[in-house]
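S.K.:
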Amino acid sequence: MKTLVTKRLILRSLKFEDLIPFFTYARKPNIGPNAGWKPHESIEESARILRMMMNENEVWGITFKEKDELIGTIGLHVRNFENALANQKEIGYVLDDTYWGQGLMAEAAESVLKYAFKDVELDQVLCGHALTNKQSQRVIEKVGFYPTHIEQREHFDQTMIDIQMYEIKRKAFLKGEKK
Ligand SMILES: CC(C)(COP(=O)(O)OP(=O)(O)OC[C@H]1O[C@@H](n2cnc3c(N)ncnc32)[C@H](O)[C@@H]1OP(=O)(O)O)[C@@H](O)C(=O)NCCC(=O)NCCS
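Residue numbering for the sequence shown follows my numbering, starting at 2 and increasing by one per position.
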């Protein structure tokens, strides 16, 4: 994966050495459920998911510039056939709660959008958050996505939850891009 560099962060390919920091935050009860997945119950579970993400090659590991230690992930996913046909992908992200509230994910998302539109030449990028997830809503608003519709998605506990969906088109992003 192309390494992306922002003011404070490096977004790079995941590696096996990320396992311990990954498990450290993936087991916390306030991380995964907000993104639709169950907190990890063992380091073996984290290892399986890490291996899967490494094979899929759609997810960057996020680290600070000064220290090559995983603090979160951000991915650009083809979720379904419709996405592939429309030349669009969906962003998903999580950050260890130790680092919340510093505007880090908006910084990471902006660099992924730049990559998505300039390098991959996607036509639009989608993003969504559970209606209850105000923190993710703020990130999405700050980055400049437009709300489109609400759709239902299955949560890890098999209940259906409402997801507010957003999109940003290539032209709009490139026009509004900060110089
Ligand atoms: C969503 C998430 C990535 C936001 O990352 P972040 O880098 O902390 O984002 P920001 O610093 O821009 O903060 C976003 C909002 O969270 C709130 N917030 C900030 N610090 C907080 C804290 N310590 N605890 C709770 N909420 C906090 C604020 O309302 C902030 O909005 P503001 O900038 O207008 O004040 C992070 O909260 C997270 O990983 N959550 C769990 C997983 C998740 O929800 N993933 C997204 C799925 S759609």
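All residues carry an ideal CB built from backbone N, CA and C; glycine is no exception.
For residue 174, count neighbouring Cβ atoms within 10 angstroms of its own Cβ and tell me buried if that reaches 16, exposed if not.
M.R.: The residue you call residue 174 lines up with position 173 of the sequence shown. The residue in question, residue 174, is buried, as its Cβ has 16 or more Cβ neighbours within 10 Å.
S.K.: May I ask which residues mark the beginning and end of the alpha helix (DSSP H) holding residue 177?
M.R.: In the sequence shown, the residue the question calls residue 177 occupies position 176. Here the alpha helix (DSSP H) through residue 177 covers 171 to 177.
S.K.: Helix, strand or coil: how does DSSP classify residue 68 here?
M.R.: Your numbering for residue 68 matches position 67 in the sequence shown. In the structure shown, residue 68 sits in coil (DSSP, three-state: anything other than H, G, I, E or B).
S.K.: Please specify which runs of the beta strand (DSSP E), each continuous and at least 3 residues long, are wholly inside the stretch 56 to 142, giving them in chain order.
M.R.: If we require 3 residues or more, the beta strand (DSSP E) runs fully inside the stretch 56 to 142 come out as 60 to 65, 73 to 78, 89 to 96 and 125 to 131.
S.K.: Which residues in the same chain as residue 117 place their Cβ atom closer than 7 Å to its Cβ, once the five residues preceding and following it in sequence are excluded?
M.R.: Taking the first residue of the sequence shown as position 1, residue 117 is located at position 116. Here the set comprises 77, 90, 123 and 126.
S.K.: Tell me, to the nearest whole angstrom, how far the beta carbon of residue 131 is from that of residue 95; I am working on the premise that it is less than 8 Å.
M.R.: What you label residue 131 is simply residue 130 of the sequence shown in a count that begins at 1. What you label residue 95 is simply residue 94 of the sequence shown in a count that begins at 1. Contact doesn't hold; Cβ gap of about 13 Å is too wide.
S.K.: Between which two residues does the beta strand (DSSP E) harbouring residue 25 extend?
M.R.: One-based indexing of the sequence shown puts residue 25 at position 24. Residue 25 -> not in any beta strand (DSSP E); alpha helix (DSSP H) instead, spanning 20 to 27.
S.K.: Is residue 156 a contact residue of ligand 1, with contact defined as CB to any heavy atom under 6 Å?
M.R.: The residue you call residue 156 lines up with position 155 of the sequence shown. No, ligand 1 has no heavy atom inside 6 Å of this Cβ.
S.K.: Counting Cβ pairs closer than 8 Å, one from the stretch 162 to 177 and one from the stretch 48 to 66, do we hit at least three?
M.R.: As far as the Cβ criterion goes, the stretch 162 to 177 does not touch the stretch 48 to 66, which means the pair count is below three.
S.K.: Classify residue 161: buried if its beta carbon has 16 or more other beta carbons within 10 angstroms, exposed otherwise.
M.R.: The sequence position of residue 161 within the sequence shown is 160, counting from 1. Exposed: under 16 other Cβ atoms inside 10 Å.
S.K.: Just verifying my parser: in three-state terms, what is the DSSP assignment at residue 9?
M.R.: By 1-based counting over the sequence shown, the position of residue 9 is 8. Residue 9: coil per DSSP, three-state reduction.
S.K.: Taking only the alpha-carbon atoms, compute the straight-line gap between residue 68 and residue 164 and give it to the nearest angstrom.
M.R.: Mapped onto the sequence shown, residue 68 falls at position 67. Mapped onto the sequence shown, residue 164 falls at position 163. Looking at the two C-alpha atoms, the distance is approximately 34 Å.
S.K.: Residue 109 and residue 4 look like a contact to me (Cβ under 8 Å); what is the Cβ gap, rounded to whole Å?
M.R.: Translated into positions along the sequence shown, residue 109 becomes position 108. Translated into positions along the sequence shown, residue 4 becomes position 3. Residue 109 to residue 4, Cβ: 13 Å. No contact.
S.K.: Looking only at C-alpha atoms, which of 152, 154, 113 and 158 sits nearest to residue 169?
M.R.: For the purposes of this step, residue 169 is taken as the residue at position 168 of the sequence shown. Taking only the C-alpha atoms, the option nearest residue 169 is 113.
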